[in-house]
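In the numbering used here, the protein residues as written are 47 to 225.
For glycine and all other residues, C-beta sits at the position ideal for the given N, C-alpha and C.
Single-structure report; data block below.
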Ligand code: SF4
Ligand code: SF4
């Protein structure tokens, strides 16, 4: 069914770069929380947040691991901040084939921030950031309700009874070829 609305929670971490002092506590707790077993070790290389640091300029920029991408971008970006040019793609959130960031050091598997799913107090990097550079926020948003598998089955059933199973099968086959 279309047109139905439902409410979803959008989770955000606001990053106040001016407050970050580069202590890397966020990287430590993130890697410990995701260690197997939990809290058995910590290794910032396994963290889903990393802090790009330039102590000489007092610039520290936390970046969260985002989506995994199979192919690298066709283009590249470069930032210049306070006169310093940073590496290509330095602030990109993707786990991508062109670089080692946001990958498990041993397996190479992609890492992605999961907002510390299952942790009652919310994201641990936020809790551990004593400088209050990371601010967690939640808001509700109305979105189109997605069709459930049951909805889809009912829809297909009524189409099949209207047009016949063979006709429906041929139409779906044609559609999948076009896609
Ligand atoms: S814990 Fe906070 S202050 Fe420390 S590096 Fe992370 S974001 Fe910056
Ligand atoms: S929210 Fe949790 S998973 Fe995401 S970077 Fe922070 S500590 Fe890691």
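Taking only three categories from DSSP, how would you classify residue i?
i           : result
residue 169 : coil
residue 116 : coil
residue 141 : strand
residue 52  : strand
residue 82  : coil
residue 102 : helix
residue 151 : coil
residue 63  : coil
Roughly how many angstroms separate the alpha carbons of residue i and residue j, rounded to a whole number?
i           : j           : result
residue 58  : residue 141 : 19 Å
residue 65  : residue 137 : 18 Å
residue 182 : residue 109 : 14 Å
Can you find a heavy atom of ligand 1 that lies under 8 Å from the Cβ of residue i?
i           : result
residue 132 : no
residue 70  : yes
Would you call the CB atoms of residue i and residue j closer than 9 Å?
i           : j           : result
residue 159 : residue 112 : yes
residue 61  : residue 180 : yes
residue 150 : residue 156 : yes
residue 175 : residue 71  : yes
Can residue i be considered in contact with ligand 2, in the sense that its beta carbon sits closer than 8 Å to one or more heavy atoms?
i           : result
residue 104 : no
residue 165 : yes
Would you grab the beta carbon distance between residue i and residue j for me? Rounded to a whole angstrom, and I think it's under 8 Å.
i           : j           : result
residue 130 : residue 103 : 6 Å
residue 55  : residue 186 : 6 Å
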